[in-house]
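*Asks:* All letters in the first sequence, in the order written, are residues 134 to 368 by the numbering used here.
By construction, the Cβ of each residue, glycine as well, lies at the ideal position given by its N, Cα and C atoms.
Have a look at the structure that comes next, please.
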Amino acid sequence: MQKADCLTCTNDSCLIKKNANATAAMPFVEQKHTIFCKKGQQFIIEGAPVHGLYFVYKGKVKVSKTGLHGREQIVRFGHDGEIIGHRGFGTGKFSPISAVALEDTVLCNFTNDVLNDMMHHVPDVTYDMMMFYAEELNKSETKVKKFAQMTVREKVIDAFLYIRRKFGQPGDFFDIQLSRKDIAGFAGTTEEQVIRVISSLKKENLLRAQGKKLGIVDLDLLKKEISEHNFFLDS
DNA sequence: GCATTAATTGGTC
DNA sequence: GACCAATTAATGC
């Protein structure tokens, strides 16, 4: 594959793909770049100048911020059809986050100029972008609460529920391979704590492993455990 | 097979 | 509940 083509793309949730058929959008879509990332490759560097906005065409990525003492806080994971780097778009000159491919990943990149032009000329894209930002804001507000009030066990369970929502499979095993460290980085705790929670969840028959893959056994019980604390489940 | 990295466990503050 | 050290498992070359 030389270039990711929006017209044959199957990521229906992608807001570019959704509008790519409109004649007004075409000249802009033409100008996107396709980037091929190997596993482990970093394509957005925290603090470096913004190179526009990325969409995952195929693959998996993690988005993180470096906290105090070099501690990595993973902000979100992304897969096919999702936007990456949106916080740096618009006002920001330098990227507030870094992004790394978790497996071989194909990305679509729009420069700020192209996207700005497109938003001025294609209202449907602008509208979809706005809705996306609104939803993002909602999610991060939920997250604040989570980090402030949840116990470690609850945070890890919450992380697993998030991973399942995003990478869950019919067979209930996650379709992604994350290190314990990455899980910890997302849950906001340490690798050791994640390991300990995982082994107790296994003992309690709430979680199971097949090789390196993890899966949820009793979704309702896990949900119940954190819903009792009145947290939203959709962050 | 050896060497590096990841996962696990136990202990300390 | 984080940090550190020691051990074991897994993986790359």
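1) Taking C-beta to C-beta, are residue 240 and residue 170 nearer than 8 Å?
2) Hey, quick one: how far does the beta strand (DSSP E) through residue 171 stretch, first residue to last?
3) Considering only DSSP beta bridges, list what residue 342 is partnered with.
4) Which residue from 193, 203, 238, 338 puts its Cα closest to that of residue 127?
5) From the DSSP output, in three-state form, read off residue 284 for me.
6) Find out if the Cβ-Cβ distance for the pair residue 188, residue 216 is shorter than 8 Å.
7) Excluding the 5 residues flanking residue 107 on each side, which residues of the same chain have their C-beta closer than 7 Å to its C-beta?
8) Using 8 Å as the cut-off, can you tell me whether the region 243 to 250 makes contact with the region 292 to 302, which would need three or more C-beta pairs spanning the two stretches below that distance?
9) With DSSP as the reference, please indicate the residues paired to residue 195 in a beta bridge.
10) DSSP three-state label for residue 361, please.
11) Please list, in chain order, all residues of the same chain as residue 242 whose beta carbon is under 6 Å from its beta carbon, the five residues on each side excluded.
12) If we require 4 or more residues per run, which alpha helix (DSSP H) segments fall completely within the region 234 to 260?
13) Which residue marks the beginning of the beta strand (DSSP E) containing residue 331, and which one marks its end?
14) In whole angstroms, what is the alpha-carbon distance linking residue 164 and residue 280?
15) Just reading off the alpha helix (DSSP H) that residue 161 is part of, what are its end residues?
16) Give me, in chain order, the residues of the same chain whose beta-carbon lies closer than 8 Å to that of residue 290; leave out the 5 immediate sequence neighbours on both sides.
17) Tell me the rounded alpha-carbon separation between residue 341 and residue 295.
18) Could you check if residue 227 is buried or exposed, using at least 16 other CB atoms within 10 Å of its CB as the buried criterion?
19) List the whole-angstrom C-beta distance separating residue 307 from residue 346, where the pair is believed to meet the contact cut-off of C-beta under 8 Å.
20) I'd like the list of long-range same chain contacts for residue 244, defined as Cβ closer than 6 Å, with 5 residues on each side in sequence excluded.
21) What does DSSP give as the partner residue(s) for residue 269 in the beta ladder?
*Replies:* Walking through what the data contain:
1) Taking the first sequence and counting its residues from 1, the one referred to as residue 240 is at position 107. Taking the first sequence and counting its residues from 1, the one referred to as residue 170 is at position 37. A contact, by the Cβ cut-off of 8 Å.
2) As a position in the first sequence, residue 171 is number 38, starting the count at 1. Looking at the DSSP string, residue 171 is not in any beta strand (DSSP E), and its letter there is neither H nor E.
3) Start at 1 with the first residue of the first sequence, and residue 342 comes out as number 209. Paired residues: 347.
4) Because the chain here runs from 134 to 368, residue 127 falls outside it and cannot be looked at.
5) Here residue 284 corresponds to residue number 151 of the first sequence, with the count starting at 1. Coil at residue 284, not helix or strand.
6) Position 55 of the first sequence, counted from the first residue, corresponds to residue 188. Position 83 of the first sequence, counted from the first residue, corresponds to residue 216. Their beta carbons are under 8 Å apart, which means residue 188 touches residue 216 by this criterion.
7) Lying outside 134 to 368, the shown extent of the chain, residue 107 is not represented and no answer is given.
8) no
9) In the first sequence, counting from the first residue as 1, residue 195 sits at position 62. In the DSSP output, where bridge partners are listed per residue, residue 195 has 210, 233.
10) Here the question's residue 361 lines up with position 228 in the first sequence. Correct three-state label for residue 361: coil.
11) For the purposes of this step, residue 242 is taken as residue 109 along the first sequence, with counting starting at 1. Contacts found: 166, 168, 185, 187.
12) 245 to 254
13) On the first sequence, residue 331 is found 198 positions in, with the first residue counted as 1. First-last for residue 331: 324 to 336, but that is the alpha helix (DSSP H), not the beta strand (DSSP E).
14) By one-based count along the first sequence, residue 164 stands at place 31. By one-based count along the first sequence, residue 280 stands at place 147. So the two alpha carbons sit approximately 40 Å from each other.
15) Translated into the one-based positions of the first sequence, residue 161 becomes position 28. Where residue 161 is concerned, the enclosing alpha helix (DSSP H) stretches over 159 to 162.
16) Taking the first residue of the first sequence as 1, we reach residue 290 at position 157. The residues are 330, 334, 355, 358, 359.
17) Within the first sequence, numbered from 1, the residue matching residue 341 stands at position 208. Within the first sequence, numbered from 1, the residue matching residue 295 stands at position 162. C-alpha separation (whole angstroms): 16 Å.
18) Locating residue 227 in the first sequence gives position 94, where the first residue counts as 1. So residue 227 counts as exposed.
19) The sequence position of residue 307 within the first sequence is 174, counting from 1. The sequence position of residue 346 within the first sequence is 213, counting from 1. About 6 Å; that satisfies the 8 Å criterion.
20) The count along the first sequence starts at 1 and reaches residue 244 at position 111. So the qualifying residues of the chain are 185.
21) The residue labelled residue 269 in the question sits at position 136 within the first sequence. Answer by DSSP bridge pairing: none, since residue 269 is not bridged.
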